[in-house]
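>
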Amino acid sequence: MKTYQFRLYPNKHVEQKMFDTIELCRQTYNILLGELQEQKVIDRAQIQGIIPDIKICDSRFKKLYSKTMQYECYRLFSNLRALSQTKKRGRNVGSLRFKGKGWFKTFTYNQSGFKLIGTTKRYNTLRLSKIGDIPIRCHRAIKGDIKQVTIKHEQSGKWFAFVVSDEKKSIVQQPIKKVVGIDVGLDNFVYDSDGHAVKNPRHLKKNEVTLTKLQRKLSTKKKGSKNRNKLRIRVACRHEKIKNIRTDFLHKISYYYTTQYDAIGMEDMPMTLKKDKFSKSRQDASWGRLRQFIAYQTIVPKELWQRTHECRSCGFTASRDYNSALEIKRLTLKEIGWGTAESTLVEMGQVVPSMKQEAPLF
Numbered sequence: 033m034k035t036y037q038f039r040l041y042p043n044k045h046v047e048q049k050m051f052d053t054i055e056l057c058r059q060t061y062n063i064l065l066g067e068l069q070e071q072k073v074i075d076r077a078q079i080q081g082i083i084p085d086i087k088i089c090d091s092r093f094k095k096l097y098s099k100t101m102q103y104e105c106y107r108l109f110s111n112l113r114a115l116s117q118t119k120k121r122g123r124n125v126g127s128l129r130f131k132g133k134g135w136f137k138t139f140t141y142n143q144s145g146f147k148l149i150g151t152t153k154r155y156n157t158l159r160l161s162k163i164g165d166i167p168i169r170c171h172r173a174i175k176g177d178i179k180q181v182t183i184k185h186e187q188s189g190k191w192f193a194f195v196v197s198d199e200k201k202s203i204v205q206q207p208i209k210k211v212v213g214i215d216v217g218l219d220n221f222v223y224d225s226d227g228h229a230v231k232n233p234r235h236l237k238k239n240e241v242t243l244t245k246l247q248r249k250l251s252t253k254k255k256g257s258k259n260r261n262k263l264r265i266r267v268a269c270r271h272e273k274i275k276n277i278r279t280d281f282l283h284k285i286s287y288y289y290t291t292q293y294d295a296i297g298m299e300d301m302p303m304t305l306k307k308d309k310f311s312k313s314r315q316d317a318s319w320g321r322l323r324q325f326i327a328y329q330t331i332v333p334k335e336l337w338q339r340t341h342e343c344r345s346c347g348f349t350a351s352r353d354y355n356s357a358l359e360i361k362r363l364t365l366k367e368i369g370w371g372t373a374e375s376t377l378v379e380m381g382q383v384v385p386s387m388k389q390e391a392p393l394f
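So this is what it looks like as structure tokens:
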């Protein structure tokens, strides 16, 4: 599965329908959560079965596509599962809360209810059931069959579509020749075993003065006023710009290592933020996101029912149990001092290159 992010340009009439859809999704979530709290035994099928009754009782929900309502049931139980897993890790957790107005920013069309129409013009058309046609800027071709479309409204007022496609890649055999170890830090963002170093760009610190001035002005405006809303959008745009710069930087770093090396070992650091003077700098560095970007381009995911491990990069094939035994042996040798330094090895894979020509990192 691969996700593409595209910008949407709805008109005012369609945009109002999208806002109404988000609000109805929020109300659907709260109704399902209320029914869940009344039950002594958690039964997802029974909770999802009341969705048709919601449409009968309130005609407003007929404007909502059925698959979109069903996805809110999936979202509810996904949150419940995440809460349970957090509790198993020993953390103190509460219970799921009802979502107030303004909390929801997304709605999803799963499997059906959408159609991407190609045109010869700059903008294509995304057709959504119960909403209509929306101009979409597809800056790159979508490979594979489209399985899901998620619409998101950002704080800056922009709309985006996240298109999930099922892309089947062919395996290209590549021998493992180049291996690298990566250490992350605050002075040098990355320092690898080949001696390459990248200074920490400190994206937040560079924009902190401008951001502080805008937030100070925002605090003086009356809540609910038009001037406050204008400044709120400016603050959101500044935060969005910082986020985009950081994401672009992380993509370039991860793309360099996943294309130049056959195996990567990365420092396994806890991502929980400590409350000290470096907490803001650690959060701005986003080591966890760098690890995620490298992992999604390299690690071969498998479900429990898949009994064979097949590397999509080098072509190595082994049974799941045999591959697990090799991994246990490697960890055992490391434990008794016969192994290598602590690192997390991941296989290499091919990634889609950037559409823009960029200067090399090193």
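Here this note's numbering is used: the first residue of the sequence shown is 33, the next is one more, and so on.
By construction, the Cβ of each residue, glycine as well, lies at the ideal position given by its N, Cα and C atoms.
All values reported here derive from a predicted model rather than from experimental measurement.
(1) Any chance the segment 187–199 sits against the segment 282–294, with 3 or more Cβ pairs inside 8 Å?
(2) Quick check: the segment 51–71 against the segment 82–96, are there 3 or more CB pairs under 8 Å?
(3) Counting Cβ pairs, one atom from each stretch, are 3 or more of them under 8 Å apart for the segment 145–158 and the segment 108–116?
(4) Exposed or buried, which one is V125 when buried takes at least 16 other CB atoms within 10 Å?
(5) Helix, strand or coil for P152 per DSSP?
(6) Under a three-way DSSP split, which group does M33 fall into?
(7) Counting pairs of beta carbons, one from the segment 308–326 and one from the segment 232–240, are three or more of them closer than 8 Å?
(8) Is the distance from the Cβ of Q102 to the Cβ of Q80 below 8 Å?
(9) Between K249 and the rest of its own chain, which residues show a CB-CB distance below 7 Å, the 5 nearest in sequence each way excluded?
(10) Taking the alpha-carbon positions, what's the V195 to K49 distance?
(11) Kindly give me the distance between the Cβ atoms of L148 and I183, rounded to whole angstroms, as I take these residues to be in contact under 8 Å.
(12) Flag Y289 as yes if its beta-carbon sits less than 8 Å from any beta-carbon of chain B, otherwise no.
(13) Kindly identify the DSSP beta-bridge partner or partners of G132.
(14) Rounded to whole angstroms, how far is the Cβ of Y61 from the Cβ of R107, which I believe are closer than 8 Å?
(15) In its own chain, which residues sit with a C-beta less than 8 Å from the C-beta of F51, not counting the 5 before and 5 after it?
(16) Label L218 either buried or exposed according to how many other C-beta atoms from any shown protein chain fall within 10 Å of its C-beta, with 16 as the threshold for buried.
(17) For F136, is the classification buried or exposed, using 16 other Cβ atoms within 10 angstroms of its Cβ as the cut-off for buried?
(18) If you drop the 5 nearest sequence neighbours on each side, which residues of the same chain put their C-beta closer than 8 Å to that of M33?
(19) What residue does the alpha helix (DSSP H) around S51 start on, and which one ends it?
(20) For P167, which three-state DSSP category applies?
(21) Straight-line CA distance for A373 to R123?
(22) Terminal residues of the continuous beta strand (DSSP E) containing H185?
(23) Between the C-alpha atoms of L40 and Y287, what's the straight-line distance to the nearest angstrom?
Reading from the atomic positions:
(1) Note that the segment 187–199 does not touch the segment 282–294; fewer than 3 beta-carbon pairs, one per stretch, sit closer than 8 Å.
(2) Contact holds: three or more Cβ-Cβ distances are below 8 Å.
(3) Short answer: they don't touch.
(4) Locating residue 125 in the sequence shown gives position 93, counting from the first residue. Looking at its Cβ environment, which holds fewer than 16 other Cβ atoms inside 10 Å, V125 is exposed.
(5) In the sequence shown, residue 152 corresponds to position 120, counting from 1. As written in the sequence, residue 152 is Thr, which differs from the Pro given in the question. In this structure, DSSP gives T152 a state outside helix and strand, which the three-state scheme calls coil.
(6) Counted from its first residue, the sequence shown places residue 33 at position 1. When DSSP states are grouped into helix, strand and coil, M33 belongs to the coil group.
(7) Contact between the segment 308–326 and the segment 232–240 is present, because at least three Cβ pairs lie under 8 Å.
(8) To locate residue 102, count along the sequence shown from 1; it is residue 70. To locate residue 80, count along the sequence shown from 1; it is residue 48. The answer is yes: Cβ separation under 8 Å.
(9) Reading the sequence shown from its first residue, position 217 is the one you call residue 249. L263.
(10) Start at 1 with the first residue of the sequence shown, and residue 195 comes out as number 163. Start at 1 with the first residue of the sequence shown, and residue 49 comes out as number 17. Spanning the two alpha carbons is a distance of roughly 20 Å.
(11) What you label residue 148 is simply residue 116 of the sequence shown in a count that begins at 1. What you label residue 183 is simply residue 151 of the sequence shown in a count that begins at 1. A Cβ-Cβ separation of about 13 Å leaves L148 out of contact with I183 under the 8 Å criterion.
(12) Of the protein chains in this structure there is only one, and it is not chain B.
(13) Mapped onto the sequence shown, residue 132 falls at position 100. Looking at the DSSP assignment, G132 forms no beta bridge with any residue, so it has no partner.
(14) As a position in the sequence shown, residue 61 is number 29, starting the count at 1. As a position in the sequence shown, residue 107 is number 75, starting the count at 1. Indeed they touch by this definition, with Cβ atoms about 7 Å apart.
(15) Position 19 of the sequence shown holds residue 51. Its chain contains H185 as the residues whose beta carbon lies nearer than 8 Å to that of F51, once the 5 sequence neighbours on both sides are disregarded; these appear in chain order.
(16) Residue mapping note: residue 218 aligns to position 186 of the sequence shown, counting from 1. Label assigned to L218: exposed.
(17) For the purposes of this step, residue 136 is identified with residue 104 of the sequence shown, where counting begins at 1. Looking at its Cβ environment, which holds 16 or more other Cβ atoms inside 10 Å, F136 is buried.
(18) Residue numbering aside, residue 33 sits at position 1 when the sequence shown is read from its first letter. Answer for M33: K179, V196, S197, D198 and E199, listed in chain order.
(19) Counting from one through the sequence shown, the residue named residue 51 turns up at place 19. The sequence given here has Phe at residue 51, not Ser. Where F51 is concerned, the enclosing alpha helix (DSSP H) stretches over K44 to E70.
(20) Position 135 of the sequence shown, counted from the first residue, corresponds to residue 167. P167: strand per DSSP, three-state reduction.
(21) To locate residue 373, count along the sequence shown from 1; it is residue 341. To locate residue 123, count along the sequence shown from 1; it is residue 91. Since pLDDT at A373 reaches only 43, below the 50 mark, its modelled position is unreliable, and the value read off the structure follows with that caveat. Distance between the alpha carbons of A373 and R123 is about 30 Å.
(22) Here residue 185 is taken as the residue at index 153 of the sequence shown, counted from 1. Note, H185: beta strand (DSSP E), D177 to H185.
(23) Sequence index remark: in the sequence shown, residue 40 carries index 8 (1-based). Sequence index remark: in the sequence shown, residue 287 carries index 255 (1-based). Taking the straight line from one Cα to the other gives about 27 Å.
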